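Here the protein sequences line up with chains A and B, keeping their order.
If you're matching positions, the first sequence starts at 1 in the numbering used here and goes up one per residue.
If you're matching positions, the second sequence starts at 384 in the numbering used here and goes up one per residue.
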Amino acid sequence: MSESKFYENTEWQETGKTFLDSNEMILNMGPQHPSTHGVLRVILKLDGEKVLGTDCVIGYLHRGVEKIAENRTYAQFNPYVDRMDYVAAVSNGLGYCEAVEKLLGVEAPERAQYIRVILTELNRLASHQVWLGTHALDIGALTPLFYCFRDREEILKIFEKYCGARLTTHAFRIGGCQYEIYEGFEKEVLDYCDFVLPKIDEYEELLTTNRIWVKRTKGVGVLSGAECIELGATGPVLRGSGVQWDLRKAQPYAAYAKFEFDIPIGKNGDTYDRYLVRIEEMRQSVRILRQAASGIPEGPILAKVPKVLRPPAGEIYHSIEAPKGELGYFIVSDGSTQPYRVRVRPPSFVNLQTLDKMVRGWLVADVVAVIGTLDIVLGEVDR
Amino acid sequence: MPDEIQPIGASSPAEKPAEENKAVPSTASTSPAAELPATPAEAKPPNPEAPKQPTADKPVAAAENPAAAAKLKAPAAAQPAVAGAAKPAATGAAAKPPAAPPKPPAPKTDPWESPLIEKLRQAYGSGLREASTYMRQNYMVVDKSIASDVLRHLRDQEQFDYCVDVTAVHYPKRDEQFEVIWILYSFARNQRIRVKTQIKEGEPVPSAVSLWPTANWLEREVFDMFGILFTGHPDLRRILMPDGWKGHPLRKDYGLMQQDEQWVKTNLGIESGQ
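1) What does D47 of chain A pair with, by DSSP beta-bridge criteria?
2) Checking 9 Å against the spacing of the C-beta atoms, do H553 of chain B and A506 of chain B come in under that value?
3) Among A:I212, A:F349, A:E121, which has the Cα closest to the Cα of A141 of chain A?
4) Could you pull out every residue in the same chain whose Cβ sits closer than 8 Å to the Cβ of S294 of chain A, ignoring the five residues on either side in sequence?
5) If you compare alpha carbons, which of A:D334, A:V222, A:C228, A:K215 is closest to W595 of chain B?
6) Does DSSP classify I611 of chain B as helix, strand or coil?
7) Pull up the distance between the alpha-carbon of K50 of chain A and that of V367 of chain A, whole angstroms please.
8) Look at I576 of chain B and Y522 of chain B and say whether their C-beta atoms are less than 9 Å apart.
9) Within 10 angstroms of its Cβ, does S497 of chain B collect 16 or more other Cβ (buried), or is it exposed?
10) Going by CA-CA distance only, name the one from A:K218, A:E280, A:L231 that's closest to N268 of chain A.
11) Between the alpha carbons of R216 of chain A and L352 of chain A, how many angstroms are there, rounded?
12) Alpha helix (DSSP H) containing P109 of chain A: first to last residue?
13) As a quick exercise: from A:Y256, A:E260, A:T134, A:L276, pick the residue whose alpha carbon is nearest that of I320 of chain A.
14) List the endpoints of the continuous alpha helix (DSSP H) containing Y329 of chain A.
15) Compute the Euclidean distance between the alpha carbons of V39 of chain A and R538 of chain B, then round it to the nearest angstrom.
16) Would you tell me roughly how many angstroms separate the C-alpha atoms of E98 of chain A and H318 of chain A, rounded to the nearest one?
17) To the nearest angstrom, how far is the alpha carbon of E644 of chain B from that of R152 of chain A?
18) To which residues of the same chain is E315 of chain A closer than 6 Å at the C-beta, ignoring the five residues directly before and after it?
19) Is there a Cβ of chain A sitting closer than 9 Å to that of T413 of chain B, yes or no?
20) Would you say R383 of chain A faces chain B, with C-beta separation under 9 Å as the test?
21) Please confirm if R341 of chain A has its CB atom under 9 Å from at least one CB of chain B.
22) Would E584 of chain B pass as an interface residue toward chain A - the criterion being a Cβ-Cβ separation below 9 Å?
23) I'd like to know whether the C-beta of T516 of chain B is nearer than 9 Å to at least one C-beta of chain A.
24) Buried or exposed, going by whether 16 or more other CB atoms sit within 10 Å of the CB of L651 of chain B?
25) Quick one: grab the DSSP three-state call for V100 of chain A.
26) Once you ignore the five residues that flank Q385 of chain A on each side, which residues in its own chain have a CB closer than 6 Å to its CB?
27) If you run the structure through DSSP and keep just helix, strand and coil, what is E575 of chain B?
28) Can you tell me whether R150 of chain A is buried or exposed? The criterion is at least 16 other CB atoms within 10 Å of its CB, across all chains shown.
29) Quick one: residues in its chain with C-beta nearer than 8 Å to the C-beta of P264 of chain A, no 5 flanking neighbours on either side, listed in chain order?
30) Give a yes or no on whether 9 Å exceeds the smallest Cβ distance from S241 of chain A to chain B.
31) If I follow the unbroken beta strand (DSSP E) through Y545 of chain B, where does it start and stop?
32) Output the boundary residues of the beta strand (DSSP E) element that contains Y568 of chain B.
33) Is the Cβ-Cβ distance between C193 of chain A and V286 of chain A less than 9 Å?
34) Hey, which unbroken runs of the alpha helix (DSSP H) at 4 residues or more fall wholly within the stretch 111-188 of chain A?
35) When the Cα atoms are used, what is the spatial distance from F146 of chain A to G133 of chain A?
36) Between K157 of chain A and chain B, is any beta-carbon pair separated by less than 9 Å?
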C-alpha cells in the first residue's frame, strides 16, 4: 500500500517549470471507484487523456491470510482461503485441499473428485459471469450485468443446497468432500447446463458484434504471448494472447484428465480476444459439467485421513487453474498440526502487474476496460 | 464489421504444447493428477524407465532421457549434502508416527538427478548445495552468490521462461535465517522447479526483475513481509502494508498481538492488538 515517488517525478518539477508549462497531470483513480472492482487505487500520470504511466496502490484489503495460516491448524485454515477470491471460493478451496492432501500423501476418492470438478466448474461459470457483467458495465453496457447475475443465481442456489453457503462455500474438506451430494444434484447440474448454454449465446448476442463493444475492446490492452509469460500472466489473459496453456490439461489435477474439453485461445491478445476466450471457456465448462455430472462414480467421498492432521515435514507447491489463472499454494510443514508457512500465489495479484504495460499510451477510458479484462478480485490481490 | 470478428473456436491440435504425452501412463505416478509425469528423469530411481516416453519429440525431452540420467550417476558429494542440509525439521518427522497407525513410511527426500543438475554442478561446483526431489517435486539449494547466475542459466539455457512465484520462509533458529524461493516453470518441458537460497538476517539477495519482470511485485511483497532486500530492484518499497508500518509481519518473531500500535493509533484512532 505504498505510494511511489510518482508525484515528484513529473516533468515540470524536474525542469523547474511551473505546472502551467506542462500538460502532465496526476489523477487518482480509486480506491473508491466503481470500476476498480473493489479497493484498487491507480495513480495515473496523464497528458491530457493519454496515460503516461500508472502506479497501483494495493493492500487496502490485506488481512494477512498467510500469517493467519501459521496460527491455525490445517483444517482450521480451510475456510479462510474462501475469502481470498470470493467470487471463486470453490477453486480456492480445491487448491488448498489438494495441496494439503499432497503433503499428507492421501488422495481424494474418485467420487469426491468428480464432485469437486462439478462444483469447481460451476464456480468457474459463476466467476466468469460476474466478470462479464461487471466488465460490460464498466464499458457502458448495462444489460449484461442483469443477465449474468440472473443466471449466476442458479449456480449459487446449487451451492446453497449442497453446502449451505452461497459465496464462501467451504465446500471441500482435506481428503475429499464433507457432504454427500443431495437428491437430484446431478439432474440439477445437467438442467443448468441446458439452461445456461442459450444464455451464453444471449450474452454474445448483446456484445460480440455490438459496435460500441467492439470499438471499446478491439486492439485495447494488447499483450503478446511473450510479454504475458515474462510478466507471469496466466489464465484467460495468457490464453487470450495465443498461448495454449491451461493447468487442467498441462498438469491435470482432480479428475480433469478424464474429461474432454478444449482450451480456447485468442489471436491478438487484446481485450476483445480475452472476452471471447472467457465466453468460450464457459461453454467448455458446460462440456465438462455434462460429462462429470452424468458419470459420478459410486464410492466414499472422504479418504481416510486422521482426525488430527500432521503432515510429515516437507514442502509442497501445488497449483490449479482458477478462473483467473494459476492459483498456487506453497506449504511448508514442520510436522506439527499447524503449517509452518503457507504461501498463496494469487493469479489476480500477478495479472494486475500487467496493467501498466497494457495502458501506457492509451486513454483513461481504456484503463477501465483493461482493469475489467484482467478480472481481478481485490480480496485475492491483497489477501 | 462483422467479418473481422473471429470467434475463437476450439483449439487446433497442432498448437497443443508438449504436455500431450501426458496420455502416456506414467509408471511412477499412482494418479493421473501426479505432477510432472512427462519428464522421466524425475521419476523415482527404483522405477524402470523402459515403457515411458515413446514420443520424445523435443530435443529437451530427449536430453532428459532416463538412460542418460542413469549414466551420469551422482557425484558422491550430493548424498551427504542431502542428509545434512535438508530438512532441519527432523524433529517434526519424529512426532508424526502417533498420528495414524497404518500410515505408509514418510516420504523421502531423494537426490535429484538430471542432465540439468549435472550441468549446473559442473559450472558451479559446491555452489549448488543440494538438489533433491520431494514428493516428485524438484528443488535445488544454491549459494547466494550464484543465485542470480543459476536463475539466468535456467531461463536462458533450460527454457524456464516463467517465474511462477518468489517467496521466502523464515527459520529464526538457523544461522541463515531466511530462505528465498523462486518457483520456475518451463512451458517447453511442462516442468516446475524450485530454486532456493539461504541468507542471513540483513543480507541482500540479487533481484530477478531483470530476468522476469513479474518478479517486481513478488519481490516487493517479500520485502514487505520479511524485510529481505533485493539488490537491483528498481522500486523496492512496501506493497501490501501501509507506508511507514513498522516490522515485517511474516517473520516468525513478529508479535501478532503487538502490531504497529503507533500506526494504528494515529491512522485509525483505535487501540491496536485486540
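For each residue, glycine too, the CB sits at the ideal point set by N, CA and C.
All values derive from a computational prediction rather than experimental measurement.
Answer, in terms of the structure:
1) A:E24, A:K50
2) no
3) A:I212
4) E186, L190
5) A:C228
6) coil
7) 10 Å
8) yes
9) buried
10) A:K218
11) 20 Å
12) Segment: none, P109 of chain A is in no alpha helix (DSSP H) and carries neither H nor E.
13) A:Y256
14) That residue, Y329 of chain A, is in no alpha helix (DSSP H); its beta strand (DSSP E) goes 325-333.
15) 35 Å
16) 7 Å
17) 43 Å
18) V332
19) With a pLDDT of only 40 at T413 of chain B, under 50, the local geometry of the prediction cannot be trusted, and the value read off the model is given with reservation. Cβ-Cβ to chain A under 9 Å: yes for T413 of chain B.
20) yes
21) yes
22) no
23) no
24) exposed
25) helix
26) Outside the shown range of chain A (1 to 383) lies residue 385 of chain A, about which nothing can therefore be said.
27) Glu is not the amino acid found at residue 575 of chain B; the sequence shown has Arg there. Here R575 of chain B sits in strand by DSSP.
28) exposed
29) R239, L276, V277, E280, E281, Q284
30) no
31) 545-553
32) 561-569
33) yes
34) 143-163
35) 7 Å
36) no
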